[in-house]
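Student: Before I ask anything, here is the structure I am working with.
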Amino acid sequence: MKGYVILVSVVAALGGLLFGFDTAVISGTINFIQPYFGLNEVELGWTVSSLLFGCMIGVFLAGKASDLLGRKKVLMLAALLFFFSAVGSASAHQLILFVVARMVGGIAVGVASILSPMYIAELSPAKYRGSLVSLNQLAIVIGILVAFFSNYLLVGTGENNWRWMLLVMAVPAVLLFFSLFLIPESPRWLVARQRNDEALKVLIKTSGAEPAYYELLEIEQTLKNQEEARYSELFLPKIRPLLFIGIILAVFQQITGINTIMYYAPKIFANVGQSNDIALLQTIAIGATNVFFTLLAMSLIDRFGRKVLILFGSGGMMLMLMGLSALYFLKLTSGVLVLVFIIGYIACFSASLGPAVWVIVAELFPNRLRSKGMSIAVMSLWMACILVTITFPMMLERLSGGITFLIFALICLANLLYIWKYVPETKGKTLEELEKQFENSSI
Ligand code: BGC
């Protein structure tokens with residue numbers, strides 16, 4: 002049973018791998034596409050962010066489409082979009098085609114960012130749900146690392162190097178598409194479509210025969226006699242606090258600054274006067290740290306809970322950012338300490354906010370409203386990501402690193418206090434138990 006659930010989760014998490022790859026691959030291509038398309042800084046900023054705008058469209062479509070067609074079919078469509086985006090952006094000779102192809106990839110990232118964790122959460126037994134949903138974050142960070150590596154390996158392939166870098170994504174896209182044939186539809190979605198027999202078969206495979214009947218009953222109860230969910234229901238007094246927590250967590254995950262490092266690390270290293278090849282090597286060290294500490298989080302998240310991880314992680318991120326800020330104020334940025342604080346910051350993020358936010362956002366909402374609630378929370382995540390991605394270069398230039406990183410440190414503190422006070426622990430309970438718990442408590 003455990004083996005089956007892991008296999009199914011790994012397939013779904015391939016969506017996360019493509020999410021990580023597609024968002025990070027652009028960093029290595031920037032120096033080549035800028036002269037090729039003749040872009041100034043502002044145009045470059047918009048070209049890079051085009052993917053993120055696509056993400057928002059993807060999230061918006063994913064909620065509705067996955068309620069109608071099922072989680073699995075929509076993930077298949079996303080795999081196709083990843084493929085077309087890879088081929089389209091790699092072969093584009095005009096900027097507009099390049100931007101459209103990147104946006105198409107963004108739509109797929111948006112879809113995968115919501116459906117992979119949702120599908121895994123809906124399929125896993127409560128006991129391992131945290132680790133299994135974190136598999137998705139592991140896949141994201143592996144995707145990022147693979148992109149950094151593959152860019153590094155392909156940089157010497159001549160004037161079309163950036164095309165090869167982008168084309169690589171077609172491989173995992175094809176893999177995702179075909180491996181999706183191996184996995185079942187989400188039992189919670191099947192019950193919502195009155196296909197209870199099929200749902201039971203899936204539950205027997207994931208949870209074992211006896212618990213499966215009990216789970217099926219529970220799922221039926223949460224969905225019984227209920228019409229199609231509406232977005233407006235998310236604002237009902239019982240659900241509103243959950244929506245609020247989902248949005249705030251998603252926004253905090255981004256405005257505590259992770260993608261200032263993920264997307265702009267080479268720029269930061271250049272800003273403190275380091276050369277290009279050293280910067281590239283350091284990026285790989287960052288990617289590897291990301292993977293290692295995500296693995297650590299996976300082994301801890303169902304034992305200690307989501308909340309403890311986030312509290313320690315946010316505290317650590319705050320201290321690391323304060324250290325980084327101090328280096329700028331004291332003009333000590335030329336040594337190895339910049340890298341030490343950045344790596345420390347990444348380690349704290351990967352062991353906490355990275356996986357835990359996706360896990361909680363996938364667990365928070367009742368069965369009927371999950372896809373709609375998640376899409377609003379994840380949409381907020383991408384909006385916050387766009388905000389940070391667009392403003393960071395300006396902040397670094399106008400406010401200096403000292404003030405910029407101090408601001409991010411203060412945001413980490415706010416995150417820590419908010420989570421400590423308002424976010425409920427969700428470990429170890431079935432999604433239906435959580436649903437009852439939230440209904441009867443005033444969060
Ligand atoms: C975040 C991404 C980020 C990645 C880095 C994910 O959880 O949502 O924005 O790039 O972690 O590890």
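According to our numbering, the residues represented by the sequence shown are 2 to 444, in order.
Backbone N, C-alpha and C define an ideal beta-carbon position, used for all residues, glycine too.
Quick caveat: nothing in here was measured; it's all calculated off a predicted structure.
Please go through the same chain and pick out, in chain order, the residues whose beta-carbon is closer than 6 Å to the beta-carbon of residue 378, but skip the five residues on each side of it.
Tutor: Walking along the sequence shown from the start, residue 378 turns up at place 377. Cβ within range, chain order: 247, 248, 251 and 362.
Student: From residue 29 to residue 371, what does the alpha carbon distance come to, in whole angstroms?
Tutor: For the purposes of this step, residue 29 is taken as the residue at position 28 of the sequence shown. For the purposes of this step, residue 371 is taken as the residue at position 370 of the sequence shown. Each residue's alpha carbon lies about 36 Å from the other.
Student: Compute the Euclidean distance between the alpha carbons of residue 172 and residue 66, then round it to the nearest angstrom.
Tutor: If you number the sequence shown from 1, residue 172 lands on position 171. If you number the sequence shown from 1, residue 66 lands on position 65. So the alpha carbons of these two residues sit roughly 25 Å apart.
Student: I'd like to know whether the C-beta atoms of residue 125 and residue 6 end up nearer to each other than 7 Å.
Tutor: Looking up residue 125 in the sequence shown gives position 124. Looking up residue 6 in the sequence shown gives position 5. Yes, the pair counts as a contact, with Cβ atoms nearer than the cut-off.
Student: So, with DSSP's three-state summary, where would you put residue 306?
Tutor: One-based indexing of the sequence shown puts residue 306 at position 305. Here residue 306 sits in coil by DSSP.
Student: Which of the three DSSP states, helix, strand or coil, is assigned to residue 83?
Tutor: Within the sequence shown, residue 83 is the residue found at index 82, counting from 1. Helix at residue 83.
Student: I want to see whether chain C comes within less than 7 Å of residue 412, judged by CB atoms only; does it?
Tutor: No chain C appears in this structure, which consists of one protein chain only.
Student: Hey, would you say residue 347 sits closer than 7 Å to residue 291, going by beta carbons?
Tutor: Taking the first residue of the sequence shown as position 1, residue 347 is located at position 346. Taking the first residue of the sequence shown as position 1, residue 291 is located at position 290. Against a cut-off of 7 Å, the Cβ pair of residue 291 and residue 347 comes out as a contact.
Student: Does the pairing of the stretch 252-262 with the stretch 92-106 give three or more beta-carbon distances under 8 Å?
Tutor: No, the stretch 252-262 is not in contact with the stretch 92-106.
Student: State the DSSP-derived secondary structure class of residue 275, mapped to helix, strand or coil.
Tutor: If you number the sequence shown from 1, residue 275 lands on position 274. Looking at residue 275 - three-state DSSP - the assignment turns out to be coil, as it is neither helix nor strand.
Student: So what does DSSP say about residue 111, is it helix, strand or coil?
Tutor: What you label residue 111 is simply residue 110 of the sequence shown in a count that begins at 1. Residue 111: helix per DSSP, three-state reduction.
Student: Whole angstroms is fine: what's the gap from residue 424's alpha carbon to residue 308's?
Tutor: By one-based count along the sequence shown, residue 424 stands at place 423. By one-based count along the sequence shown, residue 308 stands at place 307. Their backbone Cα atoms lie some 7 Å apart in a straight line.
Student: My guess is that residue 63 and residue 86 are in contact by the Cβ rule of under 8 Å, so how many angstroms apart are they, rounded?
Tutor: Here residue 63 refers to the residue found at position 62 when the sequence shown is read from its first residue. Here residue 86 refers to the residue found at position 85 when the sequence shown is read from its first residue. Rounded, the Cβ-Cβ distance is 16 Å, inconsistent with contact.
Student: Out of curiosity, what's the CA-to-CA distance linking residue 150 and residue 285?
Tutor: Locating residue 150 in the sequence shown gives position 149, counting from the first residue. Locating residue 285 in the sequence shown gives position 284, counting from the first residue. The straight-line gap from Cα to Cα measures roughly 7 Å.
Student: May I ask which residues mark the beginning and end of the alpha helix (DSSP H) holding residue 164?
Tutor: In the sequence shown, the residue the question calls residue 164 occupies position 163. Residues 162-168.
Student: Could you pull the start and end residues of the alpha helix (DSSP H) that residue 171 belongs to?
Tutor: To locate residue 171, count along the sequence shown from 1; it is residue 170. That run of the alpha helix (DSSP H) goes 171-180.
Student: Where does residue 374 fall in DSSP's three states?
Tutor: Within the sequence shown, the letter at position 373 stands for residue 374. Of the three classes helix, strand and coil, the one that applies to residue 374 here is helix, per DSSP.
Student: Would you kindly work out how many angstroms separate the C-alpha atoms of residue 422 and residue 146, rounded to a whole number?
Tutor: Taking the sequence shown and counting its residues from 1, the one referred to as residue 422 is at position 421. Taking the sequence shown and counting its residues from 1, the one referred to as residue 146 is at position 145. Whole-angstrom Cα-Cα distance: 35 Å.
Student: Quick one: what's got a C-beta closer than 8 Å to residue 280's C-beta in the same chain, skipping five residues either side?
Tutor: To locate residue 280, count along the sequence shown from 1; it is residue 279. Once the five neighbours on either side are set aside, the close Cβ partners of residue 280 are 266, 267, 270 and 271.
Student: Roughly how many angstroms lie between the CA atoms of residue 213 and residue 417, to the nearest whole one?
Tutor: Here residue 213 corresponds to residue number 212 of the sequence shown, with the count starting at 1. Here residue 417 corresponds to residue number 416 of the sequence shown, with the count starting at 1. Residue 213 and residue 417: Cα-Cα distance of roughly 38 Å.
Student: If you measure between the beta carbons of residue 295 and residue 351, is that distance less than 7 Å?
Tutor: Looking up residue 295 in the sequence shown gives position 294. Looking up residue 351 in the sequence shown gives position 350. Yes. Within cutoff.
Student: Using the rule of at least 16 other Cβ atoms within 10 Å of the residue's Cβ for burial, across every protein chain shown, is residue 1 buried or exposed?
Tutor: Lying before the first or after the last residue shown, residue 1 is absent from the chain, which here runs from 2 to 444.
Student: Using 10 angstroms around the beta-carbon of residue 157, count the other beta-carbons present and answer buried if the total reaches 16, otherwise exposed.
Tutor: On the sequence shown, residue 157 is found 156 positions in, with the first residue counted as 1. Answer is exposed; the Cβ neighbour count stays below 16.
Student: Hey, which unbroken runs of the alpha helix (DSSP H) at 4 residues or more fall wholly within the stretch 223-292?
Tutor: DSSP runs (the alpha helix (DSSP H)) wholly in the stretch 223-292: 241-256 and 259-272.
Student: Would residue 364 and residue 122 be called neighbours here (beta carbons separated by less than 7 Å)?
Tutor: Residue numbering aside, residue 364 sits at position 363 when the sequence shown is read from its first letter. Residue numbering aside, residue 122 sits at position 121 when the sequence shown is read from its first letter. The answer is yes: Cβ separation under 7 Å.
Student: In terms of alpha-carbon separation, which member of 153, 358 and 141 lies closest to residue 293?
Tutor: Counting from one through the sequence shown, the residue named residue 293 turns up at place 292. Among 153, 358 and 141, the Cα nearest to that of residue 293 belongs to 141.
Student: Please indicate yes or no: does the CB of residue 142 lie closer than 6 Å to some heavy atom of the ligand BGC?
Tutor: Working through the sequence shown from its first residue, we reach residue 142 at position 141. Yes, the ligand BGC has a heavy atom inside 6 Å of this Cβ.
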